[in-house]
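K.L.:
Read top to bottom, the protein sequences are chains A and B. At position 27 of the first sequence (counting the first as 1) the number is 28 in our numbering, and the numbers step up by one without a gap. At position 112 of the second sequence (counting the first as 1) the number is 113 in our numbering, and the numbers step up by one without a gap. For every residue, glycine included, the Cβ atom is placed at its ideal position computed from N, Cα and C. Since this is a predicted model, take the numbers as computed values, not measurements. One structure, pasted below without further comment.
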Amino acid sequence: ETGVTQTPRHLVMGMTNKKSLKCEQHLGHNAMYWYKQSAKKPLELMFVYNFKEQTENNSVPSRFSPECPNSSHLFLHLHTLQPEDSALYLCASSQGSRAPNTEAFFGQGTRLTVV
Amino acid sequence: AQTVTQSQPEMSVQEAETVTLSCTYDTSESDYYLFWYKQPPSRQMILVIRQEAYKQQNATENRFSVNFQKAAKSFSLKISDSQLGDAAMYFCAYRDYGGATNKLIFGTGTLLAVQP
Numbered sequence: 002e003t004g005v006t007q008t009p010r011h012l013v014m015g016m017t018n019k020k021s022l023k024c025e026q027h028l029g030h031n032a033m034y035w036y037k038q039s040a041k042k043p044l045e046l047m048f049v050y051n052f053k054e055q056t057e058n059n060s061v062p063s064r065f066s067p068e069c070p071n072s073s074h075l076f077l078h079l080h081t082l083q084p085e086d087s088a089l090y091l092c093a094s095s096q097g098s099r100a101p102n103t104e105a106f107f108g109q110g111t112r113l114t115v116v
Numbered sequence: 002a003q004t005v006t007q008s009q010p011e012m013s014v015q016e017a018e019t020v021t022l023s024c025t026y027d028t029s030e031s032d033y034y035l036f037w038y039k040q041p042p043s044r045q046m047i048l049v050i051r052q053e054a055y056k057q058q059n060a061t062e063n064r065f066s067v068n069f070q071k072a073a074k075s076f077s078l079k080i081s082d083s084q085l086g087d088a089a090m091y092f093c094a095y096r097d098y099g100g101a102t103n104k105l106i107f108g109t110g111t112l113l114a115v116q117p
């Protein structure tokens, strides 16, 4: 347990469904991240939030919509996904851009399957 | 743009032996950080070791050490006295110093098997 909790652990959804992934950290971190992990590909950074402000959107399709209501919580809202969006979605947190040498702490991920 | 390359998709080592995982990266920056993360079957990414680019001394954490060659942009991980619990996917990662987004850039990973 690293202090970053993701729910749900597994999610199966149809292409017309709307669902949300949740990430929560109580480590006092100011930066939170969404990564997509697909087989045989590098982890893809999707979004970065620093102090609740989005500082990075790595050309992610609009069917993925992040939300960061406070420094401890991060959501990823999903709608009209495609089968190729099936992957492990990892949330991470870190101290923030003023402490680049500190490690990022990861959650256990949500295994998403789009049918 | 920075990139991280891990050229070994899979590696295998005998228990108690030593194994080295390779990583190269590309950047035009002079100050940055490098990390090795471990991802066991539980899927939790765990930091193994970190290296600051401005430090010439190679980082060491118990049985884990790195060989950091800044000019060659190489950052390999050596695992000594391998244990069954070391079996996992290992990711090399890069982070700019002072970057606005503080993002980590990962390689594709090396799957390490430990044979008893």
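Cβ closer than 8 Å: which chain A residues qualify as neighbours of B/T19?
P.N.:
Per Cβ cutoff of 8 Å: no residues; B/T19 is ~25 Å from chain A at best.
K.L.:
Can you tell me where the beta strand (DSSP E) holding A/Q83 begins and where it ends?
P.N.:
It is not in any beta strand (DSSP E) - A/Q83 carries neither H nor E in the DSSP assignment.
K.L.:
Under 7 Å Cβ to Cβ from A/V13, same chain only, skipping five residues before and after it: list those, please.
P.N.:
Around A/V13: T114 and V116.
K.L.:
Which bits of chain C does A/F107 rub up against, with CB to CB less than 7 Å?
P.N.:
Structure shown: chain C not included; protein chains present are A and B.
K.L.:
Helix, strand or coil for B/L85, going by three-state DSSP, please let me know.
P.N.:
Here B/L85 sits in helix by DSSP.
K.L.:
Within 8 Å (strictly less), CB to CB, does B/T28 reach chain A?
P.N.:
Not closer than 8 Å to any Cβ of chain A, the Cβ of B/T28 fails to qualify, so no.
K.L.:
What span of residues does the beta strand (DSSP E) with A/H11 cover, start to end?
P.N.:
Run containing A/H11: H11 to M14, per the beta strand (DSSP E) assignment.
K.L.:
Determine the extent of the beta strand (DSSP E) in which B/A60 is found, giving its start and end residues.
P.N.:
Per DSSP, B/A60 belongs to no beta strand (DSSP E) and is neither H nor E.
K.L.:
Is the shortest distance between the beta-carbon of A/G110 and the beta-carbons of chain B less than 8 Å?
P.N.:
Output row for A/G110: interface = yes.
K.L.:
Under 9 Å Cβ-Cβ, which residues of chain A neighbour B/G86?
P.N.:
Correct list: empty, because the minimum Cβ distance to chain A is about 17 Å.
K.L.:
Could one say the Cβ of A/P67 lies closer than 8 Å to chain B's Cβ atoms, at least one of them?
P.N.:
No, A/P67 lies away from the interface with chain B (no Cβ there is under 8 Å from its Cβ).
K.L.:
Residues of chain A with a CB under 8 Å from the CB of B/K104: which are they?
P.N.:
Here the neighbours are Y34, L46, V49 and E57.
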